[in-house]
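Each residue of the sequence shown is one higher than the one before, counting from 2 in this note's numbering.
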Amino acid sequence: MYKQRMQQKVDNIKTQKNIIVLAIETSCDETSIAVVKNGREVLSNVVSSQINIHKRFGGVVPEVASRNHTMAIVNVLDEALHQANLTIKQIDAIAVTYGAGLIGALMVGVNFAKGLAYINDLPLIAVNHIKGHIAASYLAFNELTPPFICLVTSGGHTAILKVDDYLNHTLIGTTLDDAVGEAYDKVARILGLGYPGGPAIDKLAKEGEPNIKFTSRDKLAKTFNFSYSGLKTAVINYAHKLKQKNIQLPINDICASFQVAAIDVLVEKAIKAAKIQKLKKIVLAGGVAANSYFRKRIDARCLEEGIQAYYPPRSMCTDNAAMIGSQAYYSLINGKDLADLNLTPKPNLPL
Ligand code: KG4
Ligand code: ZN
């Protein structure tokens, strides 16, 4: 009943000049709610981060994340509507991340979204978290339209995609083991830099020289796939050997060297993919896209190759609900991803 009624509603919404989506994101350790107009304009994007809570455990504790989402979500909703200067009555649809992510964390957002959709008689749009990360660049660059090559680099994903249109993409390459963000976090942990590792390594690498060779030949050089577990092990072994000899670790140089090894391969494979696909646009998406060396390197290489590089502002690279609202708009206007009230989280939702 609800879904049938919403199907009709969506048909009407599609004809509106302005479409306003309220989006909810709770897949990991950020409780975020945003209000987005026509998929491109952020009216509000409130992010309540739990980083300080998880820091002392050295990583995200799933149960703690769920509990904190539950405690924060009502206030985050109030603040998101307040900052957008709107009431819930002025919202056209509710969007929610339903995967991939931590099951308990996703459950808080999904159930909250279902309740909100039901009591306000609004359509509910189910959004894939990674599609949201890709959409973050639509908010930052009004002129950006598919098709383009996208490098998705986060704590859980490392992939090169050809984004065919707003709803579909083709996987070109992916990691065969760890994600690049995961490698950042693990290396930071070994070096005692705390959680999350990415920003800490990013900062220290600026003070170091990339003079340590961690990887030998890239065994996957001829493919578009990646491997990060070997690089991580190389850093662990290097640090271990120096510690055994009681030599102080050159932390800054390790960070700079790890970073060059981790990022250059991403950049080069994305450029190669763009050339093969004859596409002149490369978009960075996901938390690791906040990395300064990554941004500098993609700019430089794209300039050399006559390709345009796009990446969102840092706050839009890491998890936020505005990116979910942007993706949901494109689902909505194409009549896709309308969920029923039996929507359940999918922790392992594929790309
Ligand atoms: O996209 P995201 O916020 O969450 C996931 O969907 O995974 O990405 C989080 C990842 C973490 O591994 C974090 O260390 C990494 O992004 N990250 C960075 C930087 N900022 C965040 N990695 C490298 N440099 C950064 N500046
Ligand atoms: Zn993410």
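For every residue, glycine included, the Cβ atom is placed at its ideal position computed from N, Cα and C.
Only a predicted model underlies this, so the values are computations on that prediction, with no experimental measurement involved.
- For Phe142, no beta strand (DSSP E) run applies, since DSSP gives it neither H nor E.
- Linking Asn226 to Leu177 through their CA atoms gives a straight-line distance of about 7 Å.
- Taking each of Val284, Leu344, Gln328 and Leu339 in turn and checking the Cα distance to Pro313, the smallest one comes out for Val284.
- In this structure, DSSP gives Cys29 a state outside helix and strand, which the three-state scheme calls coil.
- Burial of Glu26 is indicated by the presence of at least 16 other C-beta atoms within 10 angstroms of its C-beta.
- Taking C-beta separations shorter than 8 Å and ignoring five residues to either side along the sequence, the partners of Glu306 in its chain run Ile272, Ala275 and Lys276, following chain order.
- DSSP places Ile252 in the uninterrupted alpha helix (DSSP H) bounded by Ile252 to Gln278.
- Residue pairing by DSSP puts Gln309 in a beta bridge opposite Lys282.
- If you draw a straight line from the Cα of Ala206 to the Cα of Ala106, it comes to about 32 Å.
- By the neighbour-count criterion, in which 16 or more other beta carbons inside 10 Å mark a residue as buried, Pro197 falls on the buried side.
- Beyond the five residues adjoining it in sequence on each side, Gly326 comes within less than 6 Å, by CB distance, of Val22, Ala24, Ala35, Val37 and Ala96 in the same chain, given in chain order.
- Judged by beta-carbon spacing, Ala257 lies within the 8 Å limit of Gly209, meaning their Cβ atoms are closer than that value.
- In the DSSP assignment, Ser230 falls within the alpha helix (DSSP H) that extends over Ser230 to Gln245.
- Within the region 185–235, the complete alpha helix (DSSP H) segments at least 4 residues long are 198–206, listed from N- to C-terminus.
- Collapsing the DSSP output to three states places Tyr99 in a strand.
- In the three-state reduction of the DSSP assignment, Phe295 falls in the helix class.
- The beta carbon of Gln328 sits closer than 6 Å to the beta carbons of Val128, Lys132, Gly133 and Ala136 from its chain, once the five residues preceding and following it are set aside; these are given in chain order.
- Nearest to Asn253 by alpha-carbon distance, out of Lys282, Ile213, Gly231 and Lys246, is Ile213.
- In the three-state reduction of the DSSP assignment, Phe58 falls in the coil class, being assigned neither a helical nor a strand state.
- Using a Cβ distance threshold of 8 Å, Ile173 and Ile161 count as a contacting pair.
- About 5 Å separates the beta carbons of Ile299 and Ala310, which is inside the 8 Å limit, making them a contact pair.
- Lys246 and Ile255 have their C-alpha atoms spaced approximately 17 Å apart.
- With distances taken between CA atoms, Ile74 lies nearest to Val48 out of Val48, Ile264, Asn143 and Gly60.
- The continuous alpha helix (DSSP H) containing Ile104 extends over residues Ile104 to Asn121.
- Two segments are said to touch when three or more pairs of C-beta atoms, one from each, lie closer than 8 Å; by this definition the region 81–92 does not touch the region 289–299.
- In this structure Tyr331 is not in contact with Ile20, their Cβ atoms being roughly 10 Å apart against a cut-off of 8 Å.
- Lys15 carries a coil assignment under DSSP once its states are collapsed to helix, strand and coil.
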